[in-house]
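Participant: Numbering (the working numbering), first residue to last: 13 to 224.
For every residue, glycine included, the Cβ atom is placed at its ideal position computed from N, Cα and C.
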Amino acid sequence: MTNPTLISQHFLHYLTPIPLVAILRGIQTHECEAVIDVLYESGFRCIEIPLNSPNALQSIELLAKNLPNDCLLGAGTVLSVESVQHVADAGGHLIVMPHCDIELITESHRRKLLSVPGVATISEAFAALKHGASALKLFPSESVAPSVLKNWRTVLPKETICLPVGGISPDHMKAYFEAGASGFGLGAALYQAGMTVDQVRNNAKNFVAALK
Numbered sequence: 013m014t015n016p017t018l019i020s021q022h023f024l025h026y027l028t029p030i031p032l033v034a035i036l037r038g039i040q041t042h043e044c045e046a047v048i049d050v051l052y053e054s055g056f057r058c059i060e061i062p063l064n065s066p067n068a069l070q071s072i073e074l075l076a077k078n079l080p081n082d083c084l085l086g087a088g089t090v091l092s093v094e095s096v097q098h099v100a101d102a103g104g105h106l107i108v109m110p111h112c113d114i115e116l117i118t119e120s121h122r123r124k125l126l127s128v129p130g131v132a133t134i135s136e137a138f139a140a141l142k143h144g145a146s147a148l149k150l151f152p153s154e155s156v157a158p159s160v161l162k163n164w165r166t167v168l169p170k171e172t173i174c175l176p177v178g179g180i181s182p183d184h185m186k187a188y189f190e191a192g193a194s195g196f197g198l199g200a201a202l203y204q205a206g207m208t209v210d211q212v213r214n215n216a217k218n219f220v221a222a223l224k
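(1) Pick from E60, P31, I180: whose alpha carbon is nearest that of P158?
(2) From what residue to what residue does the alpha helix (DSSP H) around A137 run?
(3) Quick one: what's L79 bridged to in DSSP?
(4) Would DSSP call K170 helix, strand or coil?
(5) Closest by CA to G138, which one among V99, R165, I59, E119?
(6) Please identify the residue among E119, P80, L168 whose C-alpha is closest to the C-alpha of Q97.
(7) Over what stretch of residues does the beta strand (DSSP E) that includes F196 continue unbroken?
(8) Name, in chain order, the residues that DSSP records as bridge partners for I59.
(9) In whole angstroms, what separates the C-alpha of T14 from that of E171?
(10) Which class does V96 belong to by DSSP, given the choice of helix, strand or coil?
(11) Around the C-beta of T208, are 16 or more other C-beta atoms found within 10 angstroms, so that it is buried, or is it exposed?
(12) Check for me: the alpha helix (DSSP H) holding L150 runs from which residue to which?
(13) Just reading off the alpha helix (DSSP H) that L51 is part of, what are its end residues?
(14) If you compare alpha carbons, which of L161, G130, C174, E136 is closest to F151?
Set out below in structure tokens:
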């Protein structure tokens, strides 16, 4: 089995510029490049296209050919082994799930993809790590409040990457960081279908400012 510390370090490489994952649910293929350009300029290096977005695999394939090498691209809302295969074929390297599915973690590991399962309990967290998860998606974040994460940190391996996801706004970040969050997955407060590029730029600016 691959050393979990090395897996975490590989993921951390992409989170170093800013520890934020952009979740672009609902994005259309034709607008991907313009939105990604704005996010890249703001410092984002981790991009997630949920598979329940229109033509998600087509968007991933397009971006995989055009993104700079220092970006990590993948899919969210991955629910099946077949989807893991499709994401890999499209050029994605990150598999994000809303749940803790050992089969999907194992398949991602086999294909040398980074996997981020959703967990809401410490038992799910340890099961995910045991089977090779690259990081933990604390989802929904309301189920893993800062006080809960602080307790988790007393028992989780210190290198574990913990990313609260779901309803995160700039105002939530300080308390989570103090509790031990490694970063965040950002959804509707960063991007929603139909937003203009300027709106995305402004939202990104607010999140980056909250890191300081």
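Facilitator: Reading it off the structure:
(1) I180
(2) 134-142
(3) Answer is none; L79 lacks a bridge partner.
(4) coil
(5) Correcting the residue type first, residue 138 is Phe in the shown sequence and not Gly. Closest by C-alpha distance to F138, out of V99, R165, I59, E119, is R165.
(6) E119
(7) 196-198
(8) A34, L85
(9) Its pLDDT being 46, under 50, T14 is placed unreliably by the model, and the measurement read from it follows with that caveat. One C-alpha to the other measures close to 14 Å.
(10) helix
(11) exposed
(12) It is not in any alpha helix (DSSP H) - L150 instead sits in the beta strand (DSSP E) that spans 148-150.
(13) Annotation: the continuous alpha helix (DSSP H) that includes L51 extends over 44-54.
(14) G130
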